[in-house]
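Novice:
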Amino acid sequence: MMGVIFDFNGTLFFDGEQQERAWRLFAREAFGKEISDGEFRECVHGRNNDFTMQHLAGKALSARQVDEYVEEKETIYRRLCREDPARFHLALGAEELLDELRERGIPRTIATASRRGNVDFYIESFRLERWFDVEKLVYDDGTILGKPAPDFYLRAAETLGLEPKNCIVFEDAVSGLRAAAAAGAGKVIAVAPEERREAFERMPEVYEVIPNFHEFDRLLLRE
313 MMGVIFDFNG
323 TLFFDGEQQE
333 RAWRLFAREA
343 FGKEISDGEF
353 RECVHGRNND
363 FTMQHLAGKA
373 LSARQVDEYV
383 EEKETIYRRL
393 CREDPARFHL
403 ALGAEELLDE
413 LRERGIPRTI
423 ATASRRGNVD
433 FYIESFRLER
443 WFDVEKLVYD
453 DGTILGKPAP
463 DFYLRAAETL
473 GLEPKNCIVF
483 EDAVSGLRAA
493 AAAGAGKVIA
503 VAPEERREAF
513 ERMPEVYEVI
523 PNFHEFDRLL
533 LRE
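Residue numbers (the working numbering): 313 to 535.
1) Whose C-beta lies closer than 6 Å to the C-beta of residue 528 among residues of the same chain, with five residues either side of it excluded?
2) Give every residue of the same chain whose Cβ lies closer than 7 Å to the Cβ of residue 392, excluding the five residues on either side of it in the sequence, and list them in chain order.
3) So, residue 423 versus residue 465, is the Cβ gap smaller than 7 Å?
4) So which of 468, 411 and 487 has the shortest CA-CA distance to residue 441?
5) Measure the Cβ-Cβ separation of residue 463 and residue 472 and say whether it is below 7 Å.
6) Can you find at least 3 beta carbon pairs, one from the region 316–327 and one from the region 420–436, that sit closer than 8 Å?
7) For residue 357, is the classification buried or exposed, using 16 other Cβ atoms within 10 angstroms of its Cβ as the cut-off for buried?
8) Flag this pair as touching only if the region 335–348 and the region 506–513 have three or more C-beta atom pairs under 8 Å; answer yes or no.
9) Taking all protein chains shown into account, do 16 or more other C-beta atoms lie within 10 angstroms of the C-beta of residue 383, making it buried, or fewer, making it exposed?
10) I need the DSSP call for residue 528, collapsed to helix, strand or coil.
11) Where residue 433 and residue 376 are concerned, what is the direct C-alpha to C-alpha distance, given to the nearest angstrom?
12) Judging by CA-CA distance, which residue of 418, 427, 485 and 445 is the nearest neighbour of residue 534?
13) Who are the near neighbours of residue 468 in its chain, counting only those whose CB is closer than 8 Å to its CB and skipping five residues on each side?
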């Protein structure tokens, strides 16, 4: 039996538009900076907050400064989520898969670069306690090297009591896919829209690409 580790943002919750709007609004307000599309892909998407804030500021920031900026950005993000209830739901097929994992007793957790404030927001909004031990979710607590380093997934596998090779990882970001592969995950599955499928299929780290969780082959859970 395999364990399952989910990234959250862009994987279990398709919040790419809200995240991008929040980052762009924040960068404009805090630094008077416009983020290019390429910069967003390389320096924001899938990166931890410390890396992104240092980049946007263009200078070294103290941990306290990073925390203050992060809270400003996340306040904007949470507001945008609440203002768009039509998009504020888990990804297609996610609840059905999570129900099945729970019923079959398959170990599962989340490994997200989000900080505690957003994790609590997601737990409350999506009632994640239905499927996860919310005290053991892996998030950016300031002690874990960010993706593409393997540390998030190494810790997640450890919380499940499994070797990474016995875990399936779902991810949507290049840095996260590389992190999962570097951790030695047994299967690394990209969750991506059709327009990104080809790019992900070219990545040697990726076992397969799915557009939603209805398309996940449950037979992989038995390997």
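Cβ atoms here follow ideal geometry from the backbone N, Cα and C, with glycine treated the same way. Computed from a predicted structure; not experimentally measured.
Specialist: To lay it out plainly:
1) 522
2) 330, 333 and 334
3) yes
4) 411
5) no
6) yes
7) buried
8) no
9) exposed
10) coil
11) 22 Å
12) 418
13) 317, 421, 422, 423, 450 and 479
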